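Encoded as structure tokens, the structure appears first; notes follow it.
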Amino acid sequence: MPAEPVDPPARVVLGVCGGIAAYKAVEVCRRLVDAGVHVTPVLTDDATRFVGAVTFSALASEP
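Using the numbering used here, the final residue of the sequence shown is 76, and nothing's skipped along the way.
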């Protein structure tokens, strides 16, 4: 039986800017990764005042 073609994983660039909603972006990132999506977070300097870049590095597909 031939192997079924495998689709490459979806890729998402998650842009996070400064604001209280940056906390929600962590949950969005986690859920996307859990769903098999390749996530690349991009944070503004202001976003890092709300959520550390280390948090996204631990969750995302790319630091």
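Positions of the beta carbon are idealized from the N, C-alpha and C atoms, including for glycine. Small disclaimer: the values here were computed from a predicted structure and weren't measured.
I'd like the list of long-range same chain contacts for residue i, defined as Cβ closer than 8 angstroms, with 5 residues on each side in sequence excluded.
i	result
I33	F63
Can you round the beta-carbon distance between residue i and residue j to whole angstroms, since I take them to be within the 8 angstroms contact cut?
i	j	result
L27	V41	7 angstroms
Of the residues the options, which one's Cα is nearest the Cα of residue i?
i	options	result
L56	L72, P22 and V29	V29
P22	G49, A66 and A60	G49
In angstroms with no decimal places, state the Cα-to-Cα distance between residue i and residue j.
i	j	result
G31	V39	13 angstroms
V67	D20	30 angstroms
State the DSSP-derived secondary structure class of residue i, mapped to helix, strand or coil.
i	result
V29	strand
V64	coil
V41	helix
Once you ignore the five residues that flank residue i on each side, which residues in its own chain have a CB closer than 7 angstroms to its CB?
i	result
V52	V25, L27, C42, L45, V46, A73 and S74
P54	L27, V29, C42, F69 and A73
Got a sec: is the Cβ-Cβ distance from residue i to anything in chain B below 8 angstroms?
i	result
D47	Here chain B cannot be found, since the structure has a single protein chain.
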